[in-house]
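Novice: With positions in the sequence shown counted from 1, the corresponding number in this note's numbering is that position plus 3.
Just so you know, even glycine gets a beta-carbon here, dropped at the ideal spot from N, CA and C.
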Amino acid sequence: MKYRFCVTVTVLLVFGFGIFGRGKLDTYTNITVDPNFINDFSVAEIPTSFAIQDCEILKKILPESPIILKVTPVDPPEFFFKGWQQKVRIEQVFSGENLASGSEIYITFDRWKASVARKEMNLSFVNFMKYGAEYLVFLSESIGYTKDGIEVFQLPKDHAIASVFSYEVHDNVIYPVSGESTYVPYKEVSDNEFFAVDTEGLDAFLELKNFLLEKYK
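1. Taking the alpha-carbon of Gly105 as reference, which of Tyr134, Lys73, Leu215 has the nearest alpha-carbon?
2. How do the segment 173 to 181 and the segment 137 to 151 stand: do at least 3 beta-carbon pairs fall below 8 Å, yes or no?
3. Strictly by DSSP, which residues pair up with Ser98?
4. Would you mind working out which of Ile71, Trp87, Phe112, Asp113 sits nearest Ile93, comparing C-alpha positions?
5. Quick check on this structure: which residue in Ser127, Val172, Ser184, His173 has the alpha carbon closest to the alpha carbon of Ala165?
6. Which one or two residues does DSSP pair with Leu139 in a beta bridge?
7. May I ask you to report which of helix, strand or coil DSSP gives Asn195?
8. Using alpha carbons as the reference points, say which of Leu211, Glu100, Asp151, Glu196 lies closest to His173.
9. Using the C-alpha atoms, what's the distance from Gln157 back to Phe112?
10. Relative to the C-alpha of Asp201, which residue among Ala54, Ile41, Phe40 is closest?
11. Per DSSP, what kind of secondary structure is Thr202 in: helix, strand or coil?
12. Along the alpha helix (DSSP H) that carries Ile177, what are the first and last residues, could you check?
13. At what residues does the beta strand (DSSP E) containing Lys150 begin and finish?
14. Could you tell me the boundaries of the beta strand (DSSP E) in which Ala117 lies?
15. Please go through the same chain and pick out, in chain order, the residues whose beta-carbon is closer than 6 Å to the beta-carbon of Ala199, but skip the five residues on each side of it.
16. Please state the DSSP three-state secondary structure of Glu210.
Here it is as structure tokens:
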């Protein structure tokens, strides 16, 4: 009798959480119907010391990445519950096995997160890839999953900065922050490539970008 009661409770809990999760997913998915929904969100700018330290490390380790590609986004980001991925076309393979120019892959990142309740996004201090533009990306591995038959690859997890660099020159706006939070309105910095709290942090990004683009033209 006790066993039967436990099983019943477990089933009810699983069913209940399933309904709750589906409800939350539907809520999140519905807001993406409006392509400008991200303008209602905030995004974090990177603190200066963090930017300098991480960019110095990335300068040393990114050229050793197992997969280095020049890519062009062919679709806008695809949002799912608390995260997103983006489909790109490979333009050039600098490093990586079983990958070819002209083929398509998805790119995602464990650190790409969004909180609908707080209207906050973690972009890992690098803006979304723009449709049709060229980017240099450093990937760690396939995640062993396909979306519509297209393989999904992951950015390196060990560092907070997303290893994605535009081949174009961008005007980066530094939006002032106050207090402990570095979150700022996304719509005020939506044309940026990088998000930093001051010019010193931004310069660290740009130095890293210029170094890498010189190696992978």
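Specialist: Inspection of the coordinates gives the following:
1. Lys73
2. no
3. Ile71
4. Ile71
5. Ser127
6. Lys73, Phe168
7. coil
8. Glu196
9. 5 Å
10. Ala54
11. helix
12. Premise fails: Ile177 is in no alpha helix (DSSP H) and is neither H nor E.
13. 144 to 150
14. 116 to 118
15. Glu48, Ile49, Ala54, Leu205
16. helix
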